[in-house]
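Chemist:
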Amino acid sequence: MRRRSLIAIGDLDRAEVARILRVANRFAEVMQRDIKKVPTLRGRTIVNLFFEASTRTSTSFELAGKRLSADVVNVKASGSSMEKGESLKDTVLTLASYAPDVLVIRHSAAGACAIASRHTDAAVVNAGDGKHEHPTQTLLDLYTVEREMGPLDGLQVAFVGDVAHSRVARSGIQGFAMMGAKVRLVGPPTLLPRDAEEALGVTTSTDVRDIADADVVYVLRMQHERMGEGGLVPSLREYAATYGISHERLRPGQRVMHAGPINRGVEISGALADDPATLIVRQAANGMVVRMAVLYDLLAAPQSAAEAAAELGAVAV
Amino acid sequence: MGPRLFQRPGPAANLVLRGVRVLDPAAGIDEVRDLVISDGVVGGDARGLEEVDAAGKVAIPGLVDPHVHLRTPGREWTEDIASGSRAAAAGGFSAILAMPNTTPVVDNAAVLGALIDLASRDAVMPVGFYAAITVGQKGQVLTEQAELAAMGAVGFSDDGRPVASAAVMRRALQYQRLADRPLVLHEEDPTLVAGGCAHEGAMASRLGLGGMPSIAESVAVARDAALAEYEDASIHICHVSAAETVEEIRRAKGRGVRITAEVTPHHLALTDGALEELDPRRHKMNPPLREESDRQALIAGLVDGTLDCVATDHAPHDADEKDMPFEEAPFGVIGLETAFAACYTHLVNPGHMDLATLVRRMSTAPATALGLTAPTLADGAQADVALLDLEAVTTVVETGFQSKSRNSAFLGEALAGRVLLTIAGGQVAWRAA
Numbered sequence: 026m027r028r029r030s031l032i033a034i035g036d037l038d039r040a041e042v043a044r045i046l047r048v049a050n051r052f053a054e055v056m057q058r059d060i061k062k063v064p065t066l067r068g069r070t071i072v073n074l075f076f077e078a079s080t081r082t083s084t085s086f087e088l089a090g091k092r093l094s095a096d097v098v099n100v101k102a103s104g105s106s107m108e109k110g111e112s113l114k115d116t117v118l119t120l121a122s123y124a125p126d127v128l129v130i131r132h133s134a135a136g137a138c139a140i141a142s143r144h145t146d147a148a149v150v151n152a153g154d155g156k157h158e159h160p161t162q163t164l165l166d167l168y169t170v171e172r173e174m175g176p177l178d179g180l181q182v183a184f185v186g187d188v189a190h191s192r193v194a195r196s197g198i199q200g201f202a203m204m205g206a207k208v209r210l211v212g213p214p215t216l217l218p219r220d221a222e223e224a225l226g227v228t229t230s231t232d233v234r235d236i237a238d239a240d241v242v243y244v245l246r247m248q249h250e251r252m253g254e255g256g257l258v259p260s261l262r263e264y265a266a267t268y269g270i271s272h273e274r275l276r277p278g279q280r281v282m283h284a285g286p287i288n289r290g291v292e293i294s295g296a297l298a299d300d301p302a303t304l305i306v307r308q309a310a311n312g313m314v315v316r317m318a319v320l321y322d323l324l325a326a327p328q329s330a331a332e333a334a335a336e337l338g339a340v341a342v
Numbered sequence: 040m041g042p043r044l045f046q047r048p049g050p051a052a053n054l055v056l057r058g059v060r061v062l063d064p065a066a067g068i069d070e071v072r073d074l075v076i077s078d079g080v081v082g083g084d085a086r087g088l089e090e091v092d093a094a095g096k097v098a099i100p101g102l103v104d105p106h107v108h109l110r111t112p113g114r115e116w117t118e119d120i121a122s123g124s125r126a127a128a129a130g131g132f133s134a135i136l137a138m139p140n141t142t143p144v145v146d147n148a149a150v151l152g153a154l155i156d157l158a159s160r161d162a163v164m165p166v167g168f169y170a171a172i173t174v175g176q177k178g179q180v181l182t183e184q185a186e187l188a189a190m191g192a193v194g195f196s197d198d199g200r201p202v203a204s205a206a207v208m209r210r211a212l213q214y215q216r217l218a219d220r221p222l223v224l225h226e227e228d229p230t231l232v233a234g235g236c237a238h239e240g241a242m243a244s245r246l247g248l249g250g251m252p253s254i255a256e257s258v259a260v261a262r263d264a265a266l267a268e269y270e271d272a273s274i275h276i277c278h279v280s281a282a283e284t285v286e287e288i289r290r291a292k293g294r295g296v297r298i299t300a301e302v303t304p305h306h307l308a309l310t311d312g313a314l315e316e317l318d319p320r321r322h323k324m325n326p327p328l329r330e331e332s333d334r335q336a337l338i339a340g341l342v343d344g345t346l347d348c349v350a351t352d353h354a355p356h357d358a359d360e361k362d363m364p365f366e367e368a369p370f371g372v373i374g375l376e377t378a379f380a381a382c383y384t385h386l387v388n389p390g391h392m393d394l395a396t397l398v399r400r401m402s403t404a405p406a407t408a409l410g411l412t413a414p415t416l417a418d419g420a421q422a423d424v425a426l427l428d429l430e431a432v433t434t435v436v437e438t439g440f441q442s443k444s445r446n447s448a449f450l451g452e453a454l455a456g457r458v459l460l461t462i463a464g465g466q467v468a469w470r471a472a
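So, in structure tokens, the structure goes:
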């Protein structure tokens, strides 16, 4: 049987996102107990296939699978046949021959998950493909904001920085908008995507003061290769001065997010990064339960709402 | 000596198309009658010839494709002279011109000579060859264009990459006075497309694909039009894809620059809306599919003659090369076998142009632009004929190609207009099963 995949946030509709967030909440309760493991996915196999470095995403996916009692295998590019030049297709075919239920894939090229899903019946979960999408990051971001700030509908969210090269922003913009939030992009003109208004249904600004209306200020990682000789902004110094987010640029009540890893003193000040009032640490912590919910949704979720309600009770027991 | 085309020797065509609509707009012919081909020449005595019932069908001059990649030498598993010319014949073409970006590059007499020998043995229809503008297509040293032209090279092109240096481009234009062949230009400012793999616009922004902006093409055309004007040289612009470029060419023609241009069926038929599936086999090519406003500008340009002709940029890749993430897969789609049907379906059927204009743009105009003798159905001409069934609708499927490759932008699409028979260089080159 060919399973559903999660490659782009747009693969889900609003009701499905809400369902995953509800399930994540139940798993969060489970995680408060002494025994943090549930038998939900016993006998299922999850392969984490990481062609690109990752700390948060790979760790939380691995833990998520294990807490659900699935068999979890981690394959990293270094030390595998990928180092010998094996193609993505052949790697996927090899792993697919072990009949996994889920392939979690991180890859440096946009479209990697789309290609992989052609060669396996397993559910493919996109853990970040190039600059394309990172849908589970968005789900955990939505979960974090809803939990800490209440309903997403009507919320104002500003993504600040290198939107053009950010898969976190690309999925996030669409995810927040889907849930009824209003999204604005703020960044240097060289790092805002072309035709962003039309492409993503957002407003854009190059003036950092335009984060003033935002309830959530989502700070994007500024990669060093974009600066100086990379040519997109002149220097780290000018970027930090123009767009770096610090307490001075925020008004009371605004909550700050960052998907990590952060560059202290570049896109975010060290003092702000360490401020427990930001949502940054919560995002990392919530990654696991949201990924548990995603795996549950793809492998174990009943189809009807009534079944879901019954099943949820069972899961938490 | 002028440009030369090469074809394997074979029996001359002898047949009569009974009751066919003979359509040759350039010769002022549009009438229903018998079309006689005897001893490989149009006209003559029909008695004793094979009879083909062609009632309800249309005979047009053979199509001419000024831009194909036959992947020989170097990548013969994706296409060779035999398979590529067979694909061309199946598409109704009676002449195709092959680009020199092979391995090794066609940049010297030895490689060109070997290709001429191969085509003279294997090509089922006439094939011409471009040689490179610069050695190795590196954009630095001009090739020995006088010698290559004397051997029959149809023109010079670094297709696949632009001639980045304006000074080298200018020298090539000056040297044209000696070589007397068109310079066929892949126009792209490399600094503006660095790392890109899709049209820079809303779709690429949504999918996170590196952008290839329209201006990368139009600024390169503007530069070369200015250089050609200054040197009073002639240039042919490959695969125009952007509205800005159409406008640039229109302005250049308006002030008398000797410039011609081509556009591909896929740019005329499709837009970057198709990229959503992230399927590089069908939708990754250079230049990229652009927006609907670009597509409309290309159609308008082809209708009013700003864009002289259609060219396929037939670019075979095997399945494995294309079975990669969108960003990593190579550029290019095949096009010979779907070219007429794609244009008929997307240009004539919706009413953008009439069939006669399409025939001019796919036969007479490309031949004229590249300095070839234009195919004609006038009596006494070498027989270059395509017999079409305009009513037939065929769904493009992977198993349906003569080409060795299947990377078609039209896979899965139902296209109207089928090529039943192709006579090329006076020989029967294709008969549909």
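Protein chains in written order, with this note's numbering: chain A, 26 to 342; chain B, 40 to 472. We treat Cβ as the ideally placed atom computed from N, Cα and C, and that holds for glycine.
What does the Cβ neighbour count give for Leu-386(B), buried or exposed, with the cut at 16 atoms within 10 Å?
Modeler: buried
Chemist: Helix or strand or just coil, what does DSSP make of Val-145(B)?
Modeler: The answer is coil: DSSP assigns Val-145(B) none of H, G, I, E or B.
Chemist: Hey, would you say Tyr-243(A) sits closer than 8 Å to Met-203(A), going by beta carbons?
Modeler: For Tyr-243(A) and Met-203(A), no; Cβs fall outside 8 Å.
Chemist: What's the gap between the Cα of Val-398(B) and the Cα of Met-392(B)?
Modeler: In a straight line, the C-alpha of Val-398(B) is about 10 Å away from that of Met-392(B).
Chemist: Taking Cβ-Cβ distances shorter than 7 Å, what residues in chain B pair up with Lys-109(A)?
Modeler: Chain B residues near Lys-109(A): none, gap ~16 Å exceeds 7 Å.
Chemist: What are the residues in the region 101-135 of chain A lying within 9 Å of chain B by C-beta distance?
Modeler: Ser-112, Leu-113, Lys-114, His-132, Ser-133, Ala-134, Ala-135
Chemist: Distance cutoff 8 Å, beta carbons only. Does Lys-91(A) sit that close to anything in chain B?
Modeler: no
Chemist: Helix, strand or coil for Gln-421(B) per DSSP?
Modeler: Three-state result, Gln-421(B): strand.
Chemist: Under 8 Å, Cβ to Cβ, is there at least one residue of chain A near Gly-247(B)?
Modeler: yes
Chemist: Taking the DSSP output, what are the residues bridged to Phe-45(B)?
Modeler: Val-166(B)
Chemist: Going straight from the alpha carbon of Asp-166(A) to that of Gln-308(A), what length do you get?
Modeler: 6 Å
Chemist: For Cys-236(B), I'd like the list of residues in its chain whose CB is within less than 6 Å of its CB, leaving aside the five on either flank, ordered along the chain.
Modeler: Cβ within range, chain order: Leu-248, Gly-249, Glu-366.
Chemist: Can you name, in chain order, every residue of its own chain whose Cβ lies under 6 Å from the Cβ of Thr-82(A), other than the five neighbours on each side?
Modeler: Ala-152
Chemist: Of all the residues that make up the region 363-379 of chain B, which are near chain A by a beta-carbon distance shorter than 7 Å?
Modeler: Met-363, Pro-364, Phe-365, Glu-366, Glu-367
Chemist: Put Thr-111(B) into one of helix, strand or coil per three-state DSSP.
Modeler: coil
Chemist: Could you say which of Ser-196(B), Ser-402(B), Ala-121(B), Gly-456(B) lies nearest to Leu-157(B) if we only look at CA atoms?
Modeler: For Leu-157(B), the nearest C-alpha among the options comes from Ala-121(B).
Chemist: Below 9 Å on C-beta distance, what does Leu-225(A) contact in chain B?
Modeler: Neighbours of Leu-225(A) on chain B, chain order: Ala-241, Ser-244, Arg-245.
Chemist: Comparing alpha-carbon positions, which option in Ala-417(B), Gly-456(B), Ala-267(B), Glu-360(B) lies nearest Arg-445(B)?
Modeler: Glu-360(B)
Chemist: Would Ile-71(A) count as contacting chain B if we go by Cβ distances under 8 Å?
Modeler: no
Chemist: Which word fits Glu-226(B), buried or exposed, when buried means at least 16 other C-beta atoms lie within 10 angstroms of its C-beta?
Modeler: Buried: at least 16 other Cβ atoms inside 10 Å.
Chemist: Determine, for Lys-62(A), whether the minimum Cβ-Cβ distance to residues of chain B falls below 8 Å.
Modeler: No, no contact with chain B.
Chemist: Between Leu-275(A) and the rest of its own chain, which residues show a CB-CB distance below 6 Å, the 5 nearest in sequence each way excluded?
Modeler: none
Chemist: Residues of chain A with CB under 9 Å from Gly-250(B), in chain order?
Modeler: Ala-189, Pro-218, Arg-219
Chemist: Is Ile-450(B) close to chain A? Criterion is C-beta to C-beta, closer than 8 Å.
Modeler: The residue asked about is misnamed: residue 450(B) is Leu in this sequence, not Ile. No - not a single Cβ of chain A is within 8 Å of the one on Leu-450(B).
Chemist: From what residue to what residue does the beta strand (DSSP E) around Met-363(B) run?
Modeler: First-last for Met-363(B): undefined, no H or E at that position.
Chemist: Could you pull the start and end residues of the beta strand (DSSP E) that Ala-98(B) belongs to?
Modeler: 97-100
Chemist: With 9 Å as the C-beta to C-beta threshold (strictly closer), list the residues of the region 134-153 of chain A near chain B in chain order.
Modeler: Ala-134, Ala-135, Gly-136, Ala-137, Cys-138, Ala-139, Ile-140, Ala-141, Arg-143, His-144
Chemist: Could you list which residues in chain B have their beta carbon closer than 7 Å to that of His-157(A), in chain order?
Modeler: Taking a Cβ-Cβ threshold of 7 Å, the residues of chain B close to His-157(A) are Leu-246, Gly-247, in chain order.
Chemist: Identify every run of the beta strand (DSSP E) within the region 281-341 of chain B, keeping only runs that are complete inside it and at least 3 residues long; order them along the chain.
Modeler: 297-302
Chemist: Going by the beta-carbon positions, is the gap between Pro-326(B) and Glu-256(B) smaller than 8 Å?
Modeler: Taking 8 Å as the Cβ cut-off, Pro-326(B) and Glu-256(B) qualify as a contacting pair.
Chemist: Contact criterion: CB-CB distance below 8 Å. Does Pro-319(B) meet it with respect to chain A?
Modeler: yes
Chemist: Quick check: the region 213-230 of chain B against the region 181-190 of chain A, are there 3 or more CB pairs under 8 Å?
Modeler: no
Chemist: Threshold first: 3 residues or longer. Then list the beta strand (DSSP E) segments lying entirely within the region 108-139 of chain A, N to C.
Modeler: The qualifying runs are 127-132.
Chemist: Apart from the five residues on each side of it in sequence, which residues of its chain come closer than 6 Å, Cβ to Cβ, to Ala-413(B)?
Modeler: Closer than 6 Å at Cβ, skipping near neighbours: Thr-403, Ala-406, Thr-407.
Chemist: Report the neighbours of Arg-195(A) on chain B: residues whose CB is nearer than 9 Å to its CB, in chain order.
Modeler: Per Cβ cutoff of 9 Å: Ser-244, Arg-245, Leu-246, Gly-247.
Chemist: Can you find a CB in chain B that lies within less than 8 Å of the CB of Ser-30(A)?
Modeler: no
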